[in-house]
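First up is the structure itself, then whatever we jot down about it.
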Amino acid sequence: MSESNTPHGHGEPLLRSMSWSALRGMTVVASPTTQASSSTGYAAAPSTGAGAGAGAGAGAGAGTDVVRPSPSAMPVGSSEQYNRLLENNRRWVSEITELQPDFFEVLARGQKPPYLLIGCSDSRVPPDMLTQTMPGEIFITRNVANLVVNTDMNIMTVLQYAVEVLKVQHIIVMGHTECGGVRASMSNDSHGLIDKWLRNIKDVSRLHHKELSAIADPNKRFAKLVELNVVEQVYNLYKTSVVQHAWATGHHVQVHGWVCDIRTGLIHDLHVENRPEWNEISKLYEFNFPAHPNATEQERLHPVESMRNEMSARSGEHHHEH
145 MSESNTPHGH GEPLLRSMSW SALRGMTVVA SPTTQASSST GYAAAPSTGA GAGAGAGAGA
205 GAGTDVVRPS PSAMPVGSSE QYNRLLENNR RWVSEITELQ PDFFEVLARG QKPPYLLIGC
265 SDSRVPPDML TQTMPGEIFI TRNVANLVVN TDMNIMTVLQ YAVEVLKVQH IIVMGHTECG
325 GVRASMSNDS HGLIDKWLRN IKDVSRLHHK ELSAIADPNK RFAKLVELNV VEQVYNLYKT
385 SVVQHAWATG HHVQVHGWVC DIRTGLIHDL HVENRPEWNE ISKLYEFNFP AHPNATEQER
445 LHPVESMRNE MSARSGEHHH EH
């Protein structure tokens, strides 16, 4: 992290806590709409009591246990609902600059984040909060159901910029449990324009039909499709010339697949690099690149295989250490 322009100082641990000052002394409030919509995969139970307040405020002023109304619980179109966002911003900036006056001046000099995260647009899974990363540390793009579609110019542009310009070291696809997009794809109901987007997840179901159809419990089948969707998006990244060219020129970027469990907040690494399916289809998607002084012959000819082997070796070492 020392090479990045992320502000650091003596108060960094406290900065990380205070950057999420909206969590201090509050419990999570689920709106009536959210609680009533479990059929769409957006169910959430309201947190109550001192335990919830202490958990949310750990390390950041816990103990006040005040319930702050959620924006969705306010009257639709209320100025209070809108103005709260700007007030939160001013308070957060004040707290940050009090601890480190040059925080934003350092940010303005540029960015060199080590991570690109491709996540779901769901409001319950903010990547920077879940990973406790600061501004300048993580490059983020999000869409419904965290898809990597090769005809989507937005995701392809973000990917190229992150790898070739920012030189990120890790690309992460993060899905999550109770994903409304994945659940909707399991239905035969028409949802309008989004049907075209959800068809990408239906393709995942088709590719893994045998495994999914063998799961009798619909909730477990849903959870498995969430995981398989992440796996296939990682494979879609493998297929890109951007990722392969990086390895063919000596830039050892790594691609990961995560699922966040909304009920616990914990993130699980799926270790997609250890799955065997890619080995069966890899030759269909490999590109040919010219020799490069920073890459070995193996990395040039088989870039994804080289990446997966290196990642598997490192994950094995990490497992042995723990």
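In my numbering, the protein residues as written are 145 to 466.
Think of the CB as a built atom: it goes at the ideal place given N, C-alpha and C, for glycine as much as any other residue.
> Is residue 373 helix, strand or coil by DSSP?
Replying inline: Assigned with DSSP and collapsed to three states, residue 373 falls in helix.
> With a Cβ-Cβ cutoff of 7 Å, do residue 326 and residue 345 count as a contact?
Replying inline: Yes.
>> What does DSSP give as the partner residue(s) for residue 402 in the beta ladder?
In response: The secondary-structure analysis by DSSP pairs residue 402 across a beta bridge with 318 and 413.
>> Which runs of the alpha helix (DSSP H) at least 4 residues long sit entirely within the stretch 243-270? Give them in chain order.
In response: If we require 4 residues or more, the alpha helix (DSSP H) runs fully inside the stretch 243-270 come out as 247-251.
>> Tell me the residue span of the beta strand (DSSP E) that contains residue 287.
In response: Its beta strand (DSSP E) spans residues 282-287.
> If you count every other CB in all the chains shown that lies within 10 Å of the CB of residue 340, and 16 or more means buried, which is it?
Replying inline: Flag for residue 340 reads exposed.
>> Please tell me whether residue 264 and residue 320 are closer than 7 Å, where the distance is taken between their beta carbons.
In response: A contact, by the Cβ cut-off of 7 Å.
> Would you report the Cα separation of residue 324 and residue 387, rounded to the nearest angstrom?
Replying inline: Residue 324 and residue 387 have their alpha carbons spaced roughly 29 Å apart.
> Where does residue 333 sit, in a helix, a strand or coil, going by DSSP?
Replying inline: The answer is coil: DSSP assigns residue 333 none of H, G, I, E or B.
>> On the CB-based measure, 16 or more other CB atoms within 10 Å of its CB, does residue 266 come out buried or exposed?
In response: Per the 10 Å Cβ criterion, buried.
>> Between which residues of its own chain and residue 392 is the CB-CB distance below 7 Å, once the five residues before and five after are set aside?
In response: Hits under 7 Å: 433, 436, 439, 443, 444 and 447.
> If we count the other Cβ atoms within 10 Å of its Cβ and call it buried at 16 or more, is residue 350 buried or exposed?
Replying inline: Label assigned to residue 350: exposed.
>> As a quick exercise: from 372, 291, 359 and 224, pick the residue whose alpha carbon is nearest that of residue 421.
In response: Out of 372, 291, 359 and 224, 372 has the C-alpha closest to the C-alpha of residue 421.
>> Does residue 338 come out as helix, strand or coil in the three-state DSSP assignment?
In response: Correct three-state label for residue 338: helix.
>> Our contact map puts residue 380 next to residue 292 with C-beta atoms below 8 Å; I'd like the distance itself, whole angstroms only.
In response: That belief holds up - the Cβ atoms of residue 380 and residue 292 are roughly 4 Å apart, short of 8 Å.
>> Taking only three categories from DSSP, how would you classify residue 435?
In response: It is coil, neither helix nor strand.
> Taking Cβ positions, are residue 377 and residue 455 nearer each other than 7 Å?
Replying inline: The Cβ atoms of residue 377 and residue 455 lie no closer than 7 Å to each other.
> Along the chain, where does the alpha helix (DSSP H) that runs through residue 392 open and close?
Replying inline: Where residue 392 is concerned, the enclosing alpha helix (DSSP H) stretches over 385-392.
>> DSSP three-state label for residue 346, please.
In response: Residue state for residue 346 is assigned as helix, using DSSP reduced to three classes.
> What span of residues does the alpha helix (DSSP H) with residue 504 cover, start to end?
Replying inline: Here the chain has residues from 145 to 466 only, and residue 504 is not among them.
>> My assumption, with CB atoms under 8 Å, is that residue 274 sits in contact with residue 411. Please give the rounded CB distance.
In response: Yes, they are in contact, since the Cβ atoms of residue 274 and residue 411 sit about 6 Å apart, within 8 Å.
> By Cβ distance, which residues of its chain are closer than 6 Å to residue 452, with the 5 residues on each side in sequence left out?
Replying inline: Hits under 6 Å: 417.
> For residue 356 versus residue 343, is the C-beta distance shorter than 7 Å?
Replying inline: Contact: no.
> Taking the continuous alpha helix (DSSP H) assigned at residue 302, which residues delimit it?
Replying inline: Residue 302 -> alpha helix (DSSP H) spans 297-304.
>> Please state the DSSP three-state secondary structure of residue 446.
In response: Note: residue 446 maps to coil in three-state DSSP.
> Quick one: is residue 295 buried, meaning 16 or more other Cβ sit within 10 Å of its Cβ, or exposed?
Replying inline: It counts as exposed.
>> At the level of alpha carbons, what is the spacing between residue 173 and residue 338?
In response: Interpretation of residue 173 is limited by its pLDDT of 45, a score under 50 that renders its predicted location unreliable; no figure is taken from the coordinates.
> residue 423 lies in the alpha helix (DSSP H); which residues open and close that run?
Replying inline: Looking at the DSSP string, the run of the alpha helix (DSSP H) that includes residue 423 is 421-429.
>> Less than 7 Å between the C-beta atoms of residue 307 and residue 390, yes or no?
In response: The Cβ atoms of residue 307 and residue 390 lie closer than 7 Å to each other.
>> Taking 6 Å as the cut-off, is the C-beta of residue 375 nearer than that to any heavy atom in the ligand PLP?
In response: Ligands displayed in this structure: none; no statement on the ligand PLP is therefore possible.
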